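Below: the structure, in structure tokens.
There are 2 protein chains.
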Amino acid sequence: MISSKTKSSMFVPEVVIQRIPIYLRILQEELNFGNNVISSKNLGNRLQMSSAQIRKDLSYFGKFGKQGQGYPIAFLVDKLKVVVGLEQNWNACIIGAGRLGQSIINYPGFSPEGFKIVAAFDSNNKSYSDENSIPILGMEKLSKTIQDKSIRVAIVSVPAIEAQKVIDLLIIEGIKAILNYAPISPKVPNDVVVRNIDPILSLQSMTYYLKRN
Amino acid sequence: MISSKTKSSMFVPEVVIQRIPIYLRILQEELNFGNNVISSKNLGNRLQMSSAQIRKDLSYFGKFGKQGQGYPIAFLVDKLKVVVGLEQNWNACIIGAGRLGQSIINYPGFSPEGFKIVAAFDSNNKSYSDENSIPILGMEKLSKTIQDKSIRVAIVSVPAIEAQKVIDLLIIEGIKAILNYAPISPKVPNDVVVRNIDPILSLQSMTYYLKRN
Chain A
490 MISSKTKSSM
500 FVPEVVIQRI
510 PIYLRILQEE
520 LNFGNNVISS
530 KNLGNRLQMS
540 SAQIRKDLSY
550 FGKFGKQGQG
560 YPIAFLVDKL
570 KVVVGLEQNW
580 NACIIGAGRL
590 GQSIINYPGF
600 SPEGFKIVAA
610 FDSNNKSYSD
620 ENSIPILGME
630 KLSKTIQDKS
640 IRVAIVSVPA
650 IEAQKVIDLL
660 IIEGIKAILN
670 YAPISPKVPN
680 DVVVRNIDPI
690 LSLQSMTYYL
700 KRN
Chain B
490 MISSKTKSSM
500 FVPEVVIQRI
510 PIYLRILQEE
520 LNFGNNVISS
530 KNLGNRLQMS
540 SAQIRKDLSY
550 FGKFGKQGQG
560 YPIAFLVDKL
570 KVVVGLEQNW
580 NACIIGAGRL
590 GQSIINYPGF
600 SPEGFKIVAA
610 FDSNNKSYSD
620 ENSIPILGME
630 KLSKTIQDKS
640 IRVAIVSVPA
650 IEAQKVIDLL
660 IIEGIKAILN
670 YAPISPKVPN
680 DVVVRNIDPI
690 LSLQSMTYYL
700 KRN
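Listed in order, the protein sequences are those of chains A and B.
Okay, so the first sequence: first residue is 490 according to the working numbering, each after it adds one.
Okay, so the second sequence: first residue is 490 according to the working numbering, each after it adds one.
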């Protein structure tokens, strides 16, 4: 059960919010294995985290299990989905329909997870591909389409040099959640959340271990 | 200067290792702005971290600045690059040359950051594209090519259902660093490091904020 105190006032650190989708993925796997209950210790093992940290994270959102009995998984999944807004679908658009943008448009993984790509935009009309199930529109259609289709999330896959300008435009149109594939760290106001897909940082964080091998 | 104690024995938490490339990027930007020195406070402001955390992170690798004088940026960049193995280039290969794989092959950002894609593999020979500067080889060439070209890093962009099998193969061939674009959490031995590019988790970690708007 989620207490009213939790709902109304408690500040939840961003790192905790970022871990919830990982919890949900693991819990869903456990359900698929046929398990109904999981202890904080086992959940911690699967996530390489301490059981104390797991309990602390979940306590932000309510009281989900009884001491010594573990968490009821289906209940926990339902509650966490509501907490992070994944009990509903969100409409998304893509800006930049080059090779990367088209691979994203054609990626089948977004829709089952609650994100429906309903429009794509590109400043270059020649990039239109009839292979895609959604049309690629000119940038002049951005404002009206975001309103008409209730788009709340934008995925940016334009070249680095264009990315900040595109993100500024999206913010003017009221977009508050941006998944950025361009290799820049965009500047955004406090009420806008950005996640950067950054393969370079990922690669650079592995070579330390290669060097020590 | 890096003390011998640091070099030989101190365990550095993985989260710290993952932050070093971010430090390097910010420090390089400061150099490009013409700055030669940065305080832990200013570095913290740029990274939204406390100056105490910055000093603690850097102390794993040596003593880089004098109290009250800030860090000499160029010196710090050089030292950190050596720490994480970015003073040298690393050869990489891509497995999976579909639309996503080809967008990665053609991404110009890897090479300037020390990662040279020297081979691509695909089980489907039809995916060969002469637009790419590197040939796409059949999977039967994997073993010999990894040896011949001293490939140390692999980028996996095959469909989810093939990803674990491909990663198992790479591990047999001695690869210890894998950048995985497939939407799975692969199982690997302790001496192999994997970074997952996971747009779904990124999207799912933003909707909490949309819901509260």
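Here a beta-carbon is modelled for each residue, glycine too, at the ideal position from N, C-alpha and C.
Please read all numbers here as calculations on a predicted model, not as lab measurements.
When only Cα atoms are considered, Val677 (chain A) and Gln693 (chain B) end up about 19 Å apart. Counting of Cβ neighbours within 10 angstroms places Ala652 (chain A) among the buried residues, the total reaching 16 or more. When Cβ-Cβ separations below 7 Å define contact, Ser539 (chain A) makes no contact with chain B. Between Val655 (chain A) and chain B, the shortest Cβ-Cβ separation is not below 7 Å.
Between the segment 638-657 of chain A and the segment 584-599 of chain A there are three or more inter-stretch CB-CB distances shorter than 8 Å, so the stretches are counted as touching.
Secondary-structure assignment with DSSP links Asn685 (chain A) through a beta bridge to A:Asn669. Secondary structure in the segment 582-620 of chain A: the alpha helix (DSSP H) runs of 4 residues or longer, each lying completely within the stretch, are 588-594 in chain order. Burial is judged here by how many other beta carbons sit within 10 angstroms of a residue's own beta carbon; Ala649 (chain B) has fewer than 16 and is exposed. By the CB criterion at 7 Å, Ile506 (chain B) and Ser529 (chain B) fall outside the cutoff. In this structure, Ile562 (chain B) lies away from Leu589 (chain B), with their beta-carbon atoms at least 7 Å apart.
Membership of Val504 (chain B) in the alpha helix (DSSP H) is indicated by the continuous run 503-521. For Pro510 (chain A), the neighbours in chain B by C-beta distance under 7 Å run, in chain order, Leu690, Gln693, Ser694.
Burial is judged here by how many other beta carbons sit within 10 angstroms of a residue's own beta carbon; Ala671 (chain B) has at least 16 and is buried.
Against Ile506 (chain B), the close residues of chain A are Ser694, Tyr697, in the order they occur along the chain (beta-carbon pairs closer than 7 Å). Residue pairing for Ile562 (chain A): DSSP places it in no beta bridge.
The residue from B:Met499, B:Val573, B:Asn685, B:Asn702 with its alpha-carbon nearest to that of Val647 (chain B) is B:Asn685.
By the Cβ neighbour-count rule, Pro601 (chain A) is exposed, with fewer than 16 other Cβ atoms within 10 Å of its own. In this structure, the CA atom of Ser612 (chain A) is about 20 Å from the CA atom of Asn595 (chain B).
Under the DSSP definition of a beta bridge, Ala643 (chain B) partners with B:Cys582, B:Ile667. In this structure Tyr698 (chain A) touches Val682 (chain B) by the C-beta definition: roughly 5 Å separates them, less than 8 Å. DSSP places Leu547 (chain A) inside the alpha helix (DSSP H), whose first and last residues are 540-548. Counting only residues of its own chain and dropping the five nearest sequence neighbours on each side, Arg508 (chain B) has a CB closer than 7 Å to the CB of Asp546. Judged by their CB atoms, Ile656 (chain A) and Gly598 (chain B) are not nearer to each other than the 7 Å cut-off.
About 4 Å separates the Cβ atoms of Met695 (chain B) and Ala666 (chain A), confirming a contact at the 8 Å cut-off.
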